[in-house]
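Chemist: Chains as they are written, first to last, in this note's numbering: chain A, 134 to 971; chain B, 39 to 394.
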């Protein structure tokens with residue numbers, strides 16, 4: 134909502150500057166996002182009198198005249214019909230500047246500079262017009278405001294007789310202005326009008342509001358609703374039909390439109406609006422069309438009631454029906470678009486079919502134009518939900534629709550249509566037909582709310598008192614009756630947002646000013662509970678930080694390509710994600726079932742930046758369809774490493790992202806988390822390399838998988854072989870984690886012995902380790918320190934060297950004991966596995 | 039007694055003379071010794087069992103009885119002296135050797151050490167930890183809630199029935215007509231309140247991921263994070279909310295931060311407020327980040343709507359409450375001076391590694 138400052142001041146003169154007013158409005162909830170200084174960009178344009186006119190020597194239809202700017206005269210060529218001696222008009226002498234084309238419309242909010250005066254303007258030059266030198270131009274309203282030429286049928290602007298000559302136009306017409314750009318919340322639909330904002334300003338400042346006389350006499354702001362709105366005061370649908378210009382109104386779907394009023398004005402003269410009206414419309418962000426349409430827009434901006442002007446003579450059958458659309462109906466709307474009407478669309482129809490989409494946009498066929506003589510103004514109340522639903526279905530938003538959707542005063546239709554009729558009458562003449570073509574299915578209920586002062590003070594935490602509360606509410610247009618401990622408050626119908634006691638409390642609070650509420654510490658102190666799973670997650674994060682990776686956060690939404698890239702079987706739950714009904718793009722149409730695709734893309738990003746290698750990890754939710762109403766959400770941890778994580782330095786070998794890197798990382802993490810009895814099982818599923826991956830288990834429970842990437846998956850990404858991944862189920866990890874418990878520190882020294890064996894290539898070291906651990910009685914440590922293939926070890930064999938530590942809790946083991954134990958181990962190795970001592 | 043004492047016998051004088059010469063020679067020789075081995079040879083030559091001094095002592099028998107003891111003392115004095123000198127010399131030699139070793143062993147300390155790798159936490163994690171700490175300090179527990187929600191939880195129970203204009207404020211992703219990706223952490227208010235089963239006081243925060251159907255740009259991302267808070271008790275009032283928000287702003291943004299509360303609108307609070315803080319970027323002077331207003335909105339808040347209290351299992355005639363919600367990315371961006379929300383989701387380690 135854009136509120137031109139001068140327009141606002143017509144109804145309530147602010148005692149403060151523009152900026153301060155904006156600040157104060159914001160502080161009561163009328164949020165002013167921006168204050169724009171919209172200065173008039175024309176330069177050197179002045180008032181001037183046409184002193185003499187003669188025909189152009191060569192061109193019929195053109196005249197040559199002398200214009201006087203008060204002391205100096207110019208020769209000007211013009212074809213305008215109003216270019217006649219004695220006329221006072223607007224004049225652009227050579228060297229003056231017209232505003233740049235379209236710049237008036239450019240009201241987009243804040244590019245930083247809150248003034249628009251720096252935009253370029255068009256310079257007017259003296260020029261030759263078919264042999265006559267024209268020193269400047271006489272101007273139409275359109276030229277003054279937009280720099281564009283006169284519109285069809287538009288004459289030069291004519292000022293009242295006696296207007297002084299040579300007056301700068303900007304000042305003379307008061308074209309400099311400010312615009313308050315409001316960003317209103319849905320509860321502030323009562324401020325979708327200049328008067329609505331004026332009411333708030335009046336309540337803040339105490340300056341009484343002044344309404345145009347016609348609105349005042351129709352009790353536009355009366356808390357009881359406009360008292361003239363009743364059917365009894367006016368010609369009803371039936372009674373008026375016989376009268377000339379009256380239309381029969383039929384409400385076929387009163388749930389969507391309980392009240393509809395039409396006002397007829399006969400014999401209007403087609404015209405453009407006066408410059409001050411056009412300027413206001415531009416400032417408010419609307420484009421002037423013609424005097425009839427402008428009057429409806431003007432009254433809408435002023436009052437908040439959307440109105441529509443029909444060409445009366447184009448309404449077939451002297452009837453309008455407000456009804457739901459029928460299958461197959463369509464309409465060409467004012468914007469020239471042919472629209473199929475979806476079911477349930479509320480339309481205004483004449484005898485021939487739809488002529489408007491109710492509350493949103495009118496039809497092209499019945500619009501007012503140069504040929505319009507008789508006009509029918511519509512002022513109705515349409516169901517907000519219906520308007521909203523239709524707007525969504527059609528993807529069409531208009532100024533009218535926004536207001537109907539947010540909710541308008543259900544009692545102000547007649548007052549507002551009278552205001553528009555008055556405006557039309559002033560500019561376009563015509564004869565307003567007394568009374569209205571109208572129908573009413575239901576009366577809006579009068580809203581009364583009991584406000585418990587004790588509750589008000591409890592919620593607001595301070596003593597406010599009955600008098601202050603009453604005064605605040607009254608200033609906002611509520612009427613208040615004192616009922617002992619409580620107040621009975623009548624809500625003005627325009628305040629559709631106020632429905633219950635707490636809404637009144639907000640009214641009081643915001644007009645007392647939030648800044649006047651001093652903070653009060655919470656009384657009771659409670660010790661906060663941090664759930665164990667939250668603490669656990671942070672523990673995992675801290676461990677991973679200590680292990681060297683960078684935490685990442687990736688999108689929870691993914692696309693079919695991300696899923697396909699992983700190579701999961703069709704029946705894998707991860708290949709069957711939860712789908713969004715209304716994704717923005719296909720890339721973000723699914724809920725992720727794994728963190729790996731997101732992290733792989735993250736690795737690619739870093740590769741693009743020429744990083745030598747990257748390790749990133751994420752802990753986040755993955756989603757799976759479920760039989761329940763809501764999908765299954767699981768917490769996953771995933772790690773992705775690619776490339777050279779630490780390049781070779783003069784004193785350290787490079788650290789590469791390979792299987793043993795990721796395994797070591799996961800092992801350290803699991804050890805840090807107190808996960809016991811961790812074993813790995815060869816071969817993880819996709820997207821892992823089958824021979825370079827494993828599952829991780831603890832006590833038979835699968836915790837996750839890790840390993841190098843499968844070459845087929847790798848092809849889908851801009852990465853290279855050196856990519857290692859891991860994923861872990863955080864809930865399973867937590868279930869398998871043990872809090873540390875004290876173990877007695879060994880008091881006796883351990884004995885270390887090394888052993889080197891020759892084993893078949895295919896024998897896993899893990900098998901040897903398991904056997905050693907199973908057979909030894911005092912083994913407390915096992916460490917592989919060398920692995921060798923090739924001479925002198927025979928082909929198909931490998932040499933494994935490991936160091937074992939032996940110890941006992943109650944004594945130092947003797948050499949003999951250890952030697953015996955090792956001999957026994959060697960014997961078992963030779964017996965059970967094809968392993969020999971080297 | 040010395041070799042010039044004429045009262046002594048010639049043999050004695052000669053021997054004393056020899057001892058004197060030996061001392062002179064030994065001390066001179068000692069000065070030239072530069073290694074432990076030479077020093078050992080020196081000791082053997084003079085003090086060993088077949089050493090020069092021993093030889094002298096063997097000749098004591100040749101002297102007159104009464105002069106022997108004096109010469110013996112003289113020889114023993116020389117032995118002690120040489121032993122002391124050898125010890126001293128030995129220490130000097132070792133000191134010099136150590137000095138040479140240290141000199142030899144020195145390194146180029148400008149070469150880098152071993153490349154330990156420090157990991158990093160995501161700036162959103164760091165910001166959230168700080169925020170949760172601040173609220174925990176005010177007695178707020180943590181409650182985590184699900185990301186895919188029913189339309190009922192995300193909207194209806196929060197006083198946003200179907201067709202409510204407030205639904206426009208939040209472009210929603212739907213899984214089906216009844217199931218949405220939560221557009222706010224606010225459904226956590228209902229789920230959280232229900233876990234209290236009517237007990238008081240209720241006081242918790244709900245951090246988490248939320249989803250809006252907005253294309254990504256510098257300040258929007260379809261996935262982002264919020265932190266929600268709620269307090270319910272018999273006597274919670276609007277000034278309590280003011281205190282909690284002010285306390286938070288001061289602790290998170292620093293003691294000099296100015297803030298203001300303006301009326302706002304949320305269907306689930308009434309009265310509703312938004313908290314603005316003085317723009318961290320321009321310090322309130324006006325810049326593109328704050329749209330030249332000098333203020334930045336950081337939180338939406340208000341007194342919990344009676345409908346919401348009822349849906350959470352509380353009687354609004356008995357209790358009151360306040361609630362607030364904040365965008366985690368926005369808070370982190372303001373605090374760290376980050377100008378593009380998409381960086382959080384970029385996985386770009388040049389960004390991620392800037393934060394501890």
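Cβ coordinates follow ideal geometry from the N, Cα and C atoms, glycine included.
These numbers were taken from a predicted model, which means no experiment stands behind them.
In or out: residue 793 of chain A buried (at least 16 other Cβ within 10 Å) or exposed?
Modeler: Locating residue 793 of chain A in the first chain gives position 660, where the first residue counts as 1. The residue in question, residue 793 of chain A, is exposed, as its Cβ has fewer than 16 Cβ neighbours within 10 Å.
Chemist: Does any C-beta atom of chain A lie closer than 8 Å to the C-beta of residue 204 of chain B?
Modeler: Locating residue 204 of chain B in the second chain gives position 166, counting from the first residue. Judged by the 8 Å Cβ criterion, residue 204 of chain B is in contact with chain A.
Chemist: Look at the Cβ atom of residue 158 of chain B, then the Cβ atom of residue 391 of chain B, and state whether they are nearer than 8 Å.
Modeler: To locate residue 158 of chain B, count along the second chain from 1; it is residue 120. To locate residue 391 of chain B, count along the second chain from 1; it is residue 353. Cβ atoms of residue 158 of chain B and residue 391 of chain B: closer than 8 Å.
Chemist: Since residue 142 of chain A is in the beta strand (DSSP E), which residue starts that stretch and which ends it?
Modeler: Translated into positions along the first chain, residue 142 of chain A becomes position 9. Per DSSP, residue 142 of chain A belongs to no beta strand (DSSP E); it is in the alpha helix (DSSP H), 138 to 144.
Chemist: Residues in the same chain with beta-carbon distance under 6 Å from residue 84 of chain A, minus the five sequence neighbours each way, listed in chain order, please.
Modeler: The question about residue 84 of chain A has no answer here: the residues shown for chain A are numbered 134 through 971.
Chemist: Using a Cβ-Cβ cut-off of 8 Å, state whether residue 177 of chain B counts as contacting chain A.
Modeler: Along the second chain, one-based indexing puts residue 177 of chain B at 139. Yes, residue 177 of chain B lies at the interface with chain A (some Cβ there is under 8 Å from its Cβ).
Chemist: What whole-angstrom Cβ distance do residue 932 of chain A and residue 891 of chain A have, given they're in contact under 8 Å?
Modeler: Counting from 1 along the first chain, the entry for residue 932 of chain A is found at position 799. Counting from 1 along the first chain, the entry for residue 891 of chain A is found at position 758. About 6 Å separates the two Cβ atoms, so the contact holds.
Chemist: DSSP three-state label for residue 549 of chain A, please.
Modeler: Taking the first chain and counting its residues from 1, the one referred to as residue 549 of chain A is at position 416. In this structure, residue 549 of chain A counts as helix in the three-state DSSP scheme.
Chemist: Using a beta-carbon distance below 8 Å, is residue 163 of chain B in contact with chain A?
Modeler: Sequence index remark: in the second chain, residue 163 of chain B carries index 125 (1-based). Judged by the 8 Å Cβ criterion, residue 163 of chain B is in contact with chain A.
Chemist: Below 8 Å between beta carbons is the criterion; list the residues of the stretch 163 to 175 of chain A that meet it against any residue of chain D, in chain order.
Modeler: No chain D is part of this structure, whose protein chains are labelled A and B.
Chemist: Nearest to residue 247 of chain B by alpha carbon, out of A:522, A:690, A:313?
Modeler: To locate residue 247 of chain B, count along the second chain from 1; it is residue 209. Comparing Cα positions, the closest option is A:690.
Chemist: Could you tell me if residue 42 of chain B is buried or exposed, where buried requires 16 or more neighbouring beta carbons within 10 angstroms of its beta carbon?
Modeler: Taking the second chain and counting its residues from 1, one reaches residue 42 of chain B at position 4. Exposed, by the Cβ-count rule.
Chemist: So, does the stretch 316 to 332 of chain A touch the stretch 199 to 215 of chain A, judging by three or more C-beta pairs under 8 Å?
Modeler: Flag = no, the stretch 316 to 332 of chain A and the stretch 199 to 215 of chain A do not touch.
Chemist: Taking the beta carbon of residue 73 of chain B as the centre, do at least 16 other beta carbons fall within 10 Å, making it buried, or is it exposed?
Modeler: Within the second chain, numbered from 1, the residue matching residue 73 of chain B stands at position 35. Under this definition residue 73 of chain B is an exposed residue.
Chemist: What is the rounded straight-line gap between the Cα of residue 378 of chain B and the Cα of residue 169 of chain B?
Modeler: As a first step, residue 378 of chain B is located in the second chain; it is residue number 340 there, counting from the start. As a first step, residue 169 of chain B is located in the second chain; it is residue number 131 there, counting from the start. Distance between the alpha carbons of residue 378 of chain B and residue 169 of chain B is about 21 Å.
Chemist: Quick check on the burial criterion: 16 or more other C-beta atoms within 10 angstroms. Buried or exposed for residue 129 of chain B?
Modeler: Your numbering for residue 129 of chain B matches position 91 in the second chain. Classification of residue 129 of chain B: exposed, given that the 10 Å Cβ count is below 16.
Chemist: Per DSSP, what are the beta-bridge partners of residue 510 of chain A in this structure?
Modeler: Taking the first chain and counting its residues from 1, the one referred to as residue 510 of chain A is at position 377. Beta-bridge pairing links residue 510 of chain A to A:396, A:442.
Chemist: If we define contact as Cβ-Cβ less than 8 Å, is residue 317 of chain B a contact residue for chain A?
Modeler: Along the second chain, one-based indexing puts residue 317 of chain B at 279. It does not: the Cβ of residue 317 of chain B has no partner Cβ on chain A nearer than 8 Å.
Chemist: What three-state label does DSSP hand residue 232 of chain A in the structure shown?
Modeler: Counting from 1 along the first chain, the entry for residue 232 of chain A is found at position 99. If DSSP states are grouped into helix, strand and coil, residue 232 of chain A belongs with the strands.
Chemist: Give the interface partners of residue 270 of chain B over in chain A, defined as CB-CB distance under 7 Å, in chain order.
Modeler: To locate residue 270 of chain B, count along the second chain from 1; it is residue 232. Under the 7 Å cutoff, chain A gives no residues; its nearest Cβ is about 11 Å from residue 270 of chain B.
Chemist: Since I believe residue 603 of chain A is in contact with residue 613 of chain A (beta carbons under 8 Å), could you give me their beta-carbon distance rounded to a whole number of angstroms?
Modeler: Position 480 of the first chain, counting from 1, holds the residue named residue 613 of chain A. Position 470 of the first chain, counting from 1, holds the residue named residue 603 of chain A. With 8 Å as the limit, residue 613 of chain A and residue 603 of chain A qualify as a contact, their Cβ atoms being about 5 Å apart.
Chemist: In terms of alpha-carbon separation, which member of B:285, B:76, B:63, B:298 lies closest to residue 90 of chain B?
Modeler: Along the second chain, read from residue 1 onward, the residue named residue 90 of chain B stands at position 52. When only C-alpha atoms are compared, the closest one is B:63.
Chemist: Please return the same chain residues whose Cβ sits closer than 7 Å to the Cβ of residue 988 of chain A, not counting the five positions on each side in sequence.
Modeler: Residue 988 of chain A is absent from the model: chain A starts at 134 and stops at 971.
Chemist: Can residue 487 of chain A and residue 519 of chain A be called in contact, C-beta distance under 8 Å?
Modeler: Taking the first chain and counting its residues from 1, one reaches residue 487 of chain A at position 354. Taking the first chain and counting its residues from 1, one reaches residue 519 of chain A at position 386. Contact flag unset, no.
Chemist: Any beta carbon of chain B sitting closer than 8 Å to that of residue 392 of chain A?
Modeler: The residue labelled residue 392 of chain A in the question sits at position 259 within the first chain. With 8 Å as the cut-off, residue 392 of chain A does not count as an interface residue toward chain B.
Chemist: Mind pulling the chain B residues with CB within less than 8 Å of residue 594 of chain A?
Modeler: If you number the first chain from 1, residue 594 of chain A lands on position 461. Going along chain B in sequence order, the residues near residue 594 of chain A (Cβ under 8 Å) are 275, 276, 277, 278.
Chemist: Give a yes or no on whether the minimum CB-CB distance between residue 382 of chain B and chain A is below 8 Å.
Modeler: As a first step, residue 382 of chain B must be located in the second chain, where it is residue number 344. Yes - at least one Cβ of chain A is within 8 Å of the one on residue 382 of chain B.
Chemist: Does residue 930 of chain A get closer than 8 Å to chain B when you measure Cβ to Cβ?
Modeler: Taking the first residue of the first chain as 1, we reach residue 930 of chain A at position 797. Judged by the 8 Å Cβ criterion, residue 930 of chain A is not in contact with chain B.
Chemist: Distance cutoff 8 Å, beta carbons only. Does residue 720 of chain A sit that close to anything in chain B?
Modeler: The residue given as residue 720 of chain A occupies position 587 in the first chain. Not closer than 8 Å to any Cβ of chain B, the Cβ of residue 720 of chain A fails to qualify, so no.
Chemist: Report, in whole angstroms, the separation of the C-beta atoms of residue 227 of chain B and residue 361 of chain B, which I expect to be a contact under 8 Å.
Modeler: By one-based count along the second chain, residue 227 of chain B stands at place 189. By one-based count along the second chain, residue 361 of chain B stands at place 323. Indeed they touch by this definition, with Cβ atoms about 6 Å apart.
Chemist: Distance check for residue 96 of chain B and residue 48 of chain B, CA to CA, integer angstroms please.
Modeler: What you label residue 48 of chain B is simply residue 10 of the second chain in a count that begins at 1. What you label residue 96 of chain B is simply residue 58 of the second chain in a count that begins at 1. So the alpha carbons of these two residues sit roughly 17 Å apart.
Chemist: Could you give the residue range of the beta strand (DSSP E) that holds residue 889 of chain A?
Modeler: Here residue 889 of chain A refers to the residue found at position 756 of the first chain. Here the beta strand (DSSP E) through residue 889 of chain A covers 884 to 893.
Chemist: Can you round the beta-carbon distance between residue 557 of chain A and residue 428 of chain A to whole angstroms, since I take them to be within the 8 Å contact cut?
Modeler: Here residue 557 of chain A corresponds to residue number 424 of the first chain, with the count starting at 1. Here residue 428 of chain A corresponds to residue number 295 of the first chain, with the count starting at 1. Confirmed, about 5 Å.
Chemist: Taking Cβ-Cβ distances shorter than 7 Å, what residues in chain A pair up with residue 157 of chain B?
Modeler: Residue mapping note: residue 157 of chain B aligns to position 119 of the second chain, counting from 1. Correct list: 677, 678, 679, 680, 681, 682, 683.
Chemist: Does the structure place the stretch 170 to 177 of chain A close enough to the stretch 300 to 320 of chain A that three or more beta carbon pairs sit under 8 Å?
Modeler: Cβ pair count under 8 Å is three or more, so yes.
Chemist: Residue 382 of chain B: buried (16+ other C-beta within 10 angstroms of its C-beta) or exposed?
Modeler: The residue you call residue 382 of chain B lines up with position 344 of the second chain. Its Cβ being crowded by 16 or more others within 10 Å, residue 382 of chain B is buried.
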